[in-house]
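Going by the working numbering, the sequence shown opens with residue 2, and the numbers climb by one from there. Note that CB positions come from ideal geometry on N, CA and C, so glycine has one too.
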Amino acid sequence: REHATAIGHLAIASGDGATAVGLMTAARSLGEVALGTHTQDEAPHSTNRFHPGDAILRVGIGTAARRHDGLRLYKNGTLYLSKPGGQPLIDVQAAIEAKASRQGGRGTRG
């Protein structure tokens, strides 16, 4: 891939401009950065074009037996945080929308 960098053991950077650092991390979409241990290894929408449904940042907290992301930020701005067991800790976008709804739409930014 164009200008991709992988540092660590079995790190994969297969998207253009992607960076993977750590143990069994995978950065497969354009410009994606993966850090930590055993990130989830998901097929991207594109390896060389911007797609809002692809991750831009993922932090792995997985094991060899169970790959898992503790944090995942998508190119559309959606942020995913989770507990080690895989359950979402918080859906940041839903929390922002709920707060805005309680405030009558104030406090949101587009």
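Simplified DSSP state of residue i, which is helix, strand or coil
i, result
"serine 30", "coil"
"serine 83", "strand"
"alanine 101", "helix"
"aspartate 17", "coil"
"alanine 95", "helix"
"threonine 191", "Because residue 191 is not part of the residues shown, which for the chain are 2 to 111, the question remains open."
"arginine 73", "strand"
"alanine 44", "coil"
"alanine 35", "strand"
"alanine 65", "coil"
Beta-carbon proximity of residue i to residue j, cut-off 9 Å
i, j, result
"alanine 5", "alanine 27", "no"
"aspartate 70", "isoleucine 62", "yes"
"proline 45", "glycine 23", "no"
"arginine 59", "arginine 73", "yes"
"arginine 116", "threonine 48", "The question about residue 116 has no answer here: the residues shown for the chain are numbered 2 through 111."
"alanine 21", "arginine 2", "no"
"histidine 52", "leucine 31", "yes"
Residue from the options with nearest C-alpha to residue i
i, options, result
"serine 83", "Thr40, Ile13, Met25, Ser30", "Thr40"
"glycine 78", "Ala95, Thr64, Ile13", "Ala95"
"methionine 25", "Glu98, Val34, Leu11", "Leu11"
Anticipated Cβ contact below 8 Å, residue i with residue j, distance rounded
i, j, result
"glycine 54", "tyrosine 75", "7 Å"
heavy atom of the ligand ZN below 8 Å from residue i C-beta
i, result
"proline 53", "The ligand ZN is absent from the structure shown, which contains no ligand whatsoever."
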